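Protein chains: 2
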Amino acid sequence: MRNFTIALDAMGGDFGPHISLPASYESLQLHSNLVIIIVGDEQQINPLLKKYHLLEHPRVKLMHAPETISMEDDPVSVLRHRSPSSMLIALQLVADGEADACVSAGNTGALMLLSKHILKTLKGISRPALVSALPNNRGGHSYMMDLGANLQCGCDTLFNFALMGSVLCEKVEQVSSPSISLLNVGRESNKGSDEIKHCASLLNKTKYINYIGFIEANELFDSPADVVVTDGFSGNIALKSYEGMGRVFIAQLKKAMNATWYSRLLGKLLNPLIKNQLKHLHPDLYNGASLIGLRGIVVKSHGGANIEAFTCAIEQAIKEIQWQIPTSISERLASVLAERDCLLHE
Amino acid sequence: MRNFTIALDAMGGDFGPHISLPASYESLQLHSNLVIIIVGDEQQINPLLKKYHLLEHPRVKLMHAPETISMEDDPVSVLRHRSPSSMLIALQLVADGEADACVSAGNTGALMLLSKHILKTLKGISRPALVSALPNNRGGHSYMMDLGANLQCGCDTLFNFALMGSVLCEKVEQVSSPSISLLNVGRESNKGSDEIKHCASLLNKTKYINYIGFIEANELFDSPADVVVTDGFSGNIALKSYEGMGRVFIAQLKKAMNATWYSRLLGKLLNPLIKNQLKHLHPDLYNGASLIGLRGIVVKSHGGANIEAFTCAIEQAIKEIQWQIPTSISERLASVLAERDCLLHE
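These protein sequences, in sequence, are chains A and B.
Here the first sequence stands for residues 2 to 347, where the numbers follow the working numbering.
Here the second sequence stands for residues 2 to 347, where the numbers follow the working numbering.
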């Protein structure tokens, strides 16, 4: 396979280059044809290159970015000023064909707006969507989208999500004809808003999507769906509720195990088994949300990601490069567009 | 205290009278001034009265209802036909002043529509809201609303929820000036839809509500908010995500404990401590969602509730009778209405 290049916004996230640089090193070790362009403040990065074994690395380039977008910056004002930030320069490298994908742990809203304006969306897509993997009880994982990039979504947008998610899952996960569900407040066909019900009927009619019906949020782990589609507000709420409940549960378990001297002993003995059983649910494994619907590959890492989690985000970008996700989505869109327009105007 | 009366839709839920009757017995034991009117199919209920110690009970009345609304019935068609179901008759008893509250484990949508049409909403409220308690990490619980009765909510509706939740919490939980949060995709004031941002600014301005800002779904357990306000779609998603994640964790924990002979032994020894630590999170304790904004008290039990959980739902109805929730909300609404109208048209 030919070399491929990732433009890394090294400054994004809570820990900036202290996470993105060691994660880059891990990924370079795993992929002999990976090239990384580290984009960020030279003054901060240069002293760290040696520490993280990246000094004079044959597959590492450094590109200076005088500015950094903070988590608090207002995305709209970031877009207006277009200052030469590490995020903007990394995206520009993808737009210019210098890199095959951009990975950033920075401000999600800014990444969304800058991506849309620098890379542009695919024909038929008005805004990119944020999609990520979630573990399921079948020992694998499902995709969920949108996770917050599009707070309110009409029927047309949800339909496009289903289509894009289907292509992403088919290619990256090598699932033939992935099953698609819409997240709803009930399974029955009369449940939910008019937009959702309308979208369900459109999905039922198209031959390009294997739509299997509504699912409720308590079934997210048990459902047979490969891709769960919802608006960005609900997707964000569902994802964060899971995270929150997981954290509460672990904290309560630790408390129970620390209650008495013998519970501490029992807990110590049981801990490796519990950790092993729960490791499949660990959010670090699923770090790396893709912004899809763009004419380029952009992967967003969680701002608080550790090295392992950031490496997973780079891995996601690599898979999307290998499977040429934007081209694949674009081709499927072209096939569906005519059919969908007919359905929408029936 | 004078006697008070609950009209019980004995047929609702997955197990009908096999749960609602023994739960009634438990509640009658706990409250010497409680009277229960059991509404349902006499032919099914009569043979069970003896089994559940309710035969010739001095504080039990039986009222025959020839029909039962199933979980699959379409709420709109239930409303149109208004057949003499146990749910409809129980609500009518409240409307007629024969009972102080109605408790049902039946079809939520039907209960919502029938309640609204039989009991009517309070002045200034267009639709009732569904509110329930959720455990928090402070060892207590918070209220969350709406949980699915109002899927899409504008600024005005969210504002009313905040007001009603505030009164409910103040009275039932005896919290002075309860803190109110809006559920959102971020804590920053620029996050979320225009409706949410507008509602936040209105809540900030009113002296009747102790608004403390946005919270994210991963903070639902940790937040200082006494009442979390959101639209019915998101509330339903958040609540069910918690339930789903809790179930997954328990299942995984059991698997870990059953992995080897010694893990089974360790698990058996640790189990009582873990159960004790987690019991505070058990959904049965929080069963009983109130439909508020009506001119009467209606509490919805989970359809799959067991006896203990159904008893909690009756307990919630008793508290609302004691604190005269509809009157309290109505009085607060009257005080706020003028102020709110000024704020809305600023």
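Cβ atoms here follow ideal geometry from the backbone N, Cα and C, with glycine treated the same way.
It should be emphasised that the depicted structure is a prediction, and the values quoted were computed from it without experimental measurement.
Name the one or two DSSP bridge partners that residue i has.
i, result
"B/D97", "None; B/D97 has no bridge partner."
"B/K301", "B/S105 and B/A290"
"A/A360", "Nothing about residue 360 of chain A can be reported from this structure: the residues present for chain A run from 2 to 347 only."
"B/S133", "B/M145"
"A/I37", "A/I7 and A/V61"
"B/Y212", "B/I181"
"A/E68", "A/S86"
"B/T122", "B/L295"
"B/V228", "B/Y144 and B/I181"
Is it the case that the Cβ atoms of residue i and residue j are separated by a distance below 8 Å?
i, j, result
"A/K320", "A/V168", "no"
"B/G13", "B/A106", "yes"
"A/S291", "A/Q323", "no"
"A/L338", "A/N237", "no"
"A/H142", "A/A134", "yes"
"A/I181", "A/I210", "yes"
"A/A100", "A/A8", "yes"
"B/A11", "B/S87", "yes"
"A/L279", "B/Q278", "no"
"B/I298", "B/A102", "yes"
"A/V186", "B/F234", "yes"
"A/N138", "A/F5", "no"
"A/L112", "A/V95", "no"
"A/I308", "A/I20", "yes"
"A/L271", "B/G110", "no"
"A/V300", "A/V36", "no"
"A/I326", "A/I293", "yes"
"B/I136", "B/L282", "The amino acid at residue 136 of chain B is misidentified as Ile; the sequence shows Pro. A contact, by the Cβ cut-off of 8 Å."
"B/Y212", "B/N205", "yes"
"B/L31", "B/Y53", "no"
"A/M146", "A/G304", "no"
"B/T207", "B/E340", "yes"
"A/D227", "A/C170", "yes"
"B/L89", "B/R83", "yes"
"A/L203", "A/F160", "yes"
"B/N288", "B/A306", "yes"
"B/D74", "A/N191", "no"
Round the Cβ separation of residue i and residue j to the nearest angstrom and send it over; I've been treating them as touching at under 8 Å.
i, j, result
"B/T357", "B/L286", "The requested residue 357 of chain B is not part of the displayed model; chain B covers only 2 to 347."
"B/L115", "B/V79", "7 Å"
"B/C156", "B/E189", "Contact doesn't hold; Cβ gap of about 19 Å is too wide."
"B/S33", "B/I315", "The Cβ separation is near 14 Å, so there is no contact."
"B/K124", "B/L334", "7 Å"
"B/Q128", "B/N151", "According to the sequence shown, residue 128 of chain B is Arg rather than Gln. About 6 Å; that satisfies the 8 Å criterion."
"B/I39", "B/L63", "5 Å"
"B/P18", "B/I46", "5 Å"
**Prompt:** At a Cβ cut of 8 Å, what residues of the region 148 to 181 of chain A count as close to chain B, listed as they run along the chain?
**Reply:** G149, L152 and Q153
**Asked** Which residues, in chain order, does the region 205 to 234 of chain A contribute to contact with chain B at a C-beta distance below 9 Å?
**Response** Within the region 205 to 234 of chain A, the residues whose Cβ lies closer than 9 Å to any Cβ of chain B are, in chain order, E217, A218, N219, E220, L221, F222, D223, T231, D232, G233 and F234.
**Prompt:** Would the region 232 to 251 of chain B and the region 238 to 258 of chain A be scored as touching if the rule is three or more Cβ pairs under 8 Å?
**Reply:** yes
**Where the region 188 to 203 of chain B meets chain A: residues whose CB sits under 8 Å from a CB there** = E189, N191, G193 and S194
**Message:** Against chain A, which members of the region 312 to 325 of chain B pass a CB distance test of less than 9 Å?
**Reply:** none
**Asked** Quick one, which residues of the region 254 to 273 of chain B are near chain A if we go by CB-CB under 8 Å, in chain order?
**Response** L254, K256, A257, M258, A260, T261, Y263, S264, L267, G268, L270 and L271
**Message:** Using a Cβ-Cβ cutoff of 9 Å, what residues of the region 237 to 249 of chain A are near chain B? List them in chain order.
**Reply:** N237, I238, A239, L240, K241, S242, Y243, E244, G245, M246, G247, R248 and V249
**Chain-ordered residues of the region 68 to 95 of chain A with a beta carbon less than 8 Å from chain B** = Here the close residues are E73 and D75.
**Asked** Got a sec: which bits of the region 129 to 140 of chain A sit with their beta carbon under 9 Å from any beta carbon on chain B, in order along the chain?
**Response** P136 and N138
**Item:** Contact list for the region 280 to 312 of chain A against chain B, Cβ threshold 9 Å
**Value:** H281 and L282
**Prompt:** Residues in the region 109 to 126 of chain A with C-beta within 7 Å of chain B's C-beta atoms, listed in sequence order?
**Reply:** Correct list: empty, as no residue qualifies.
**Prompt:** Given a limit of 7 Å on CB to CB distance, which residues of the region 13 to 44 of chain A reach chain B?
**Reply:** From the region 13 to 44 of chain A, no residue has a Cβ closer than 7 Å to chain B.
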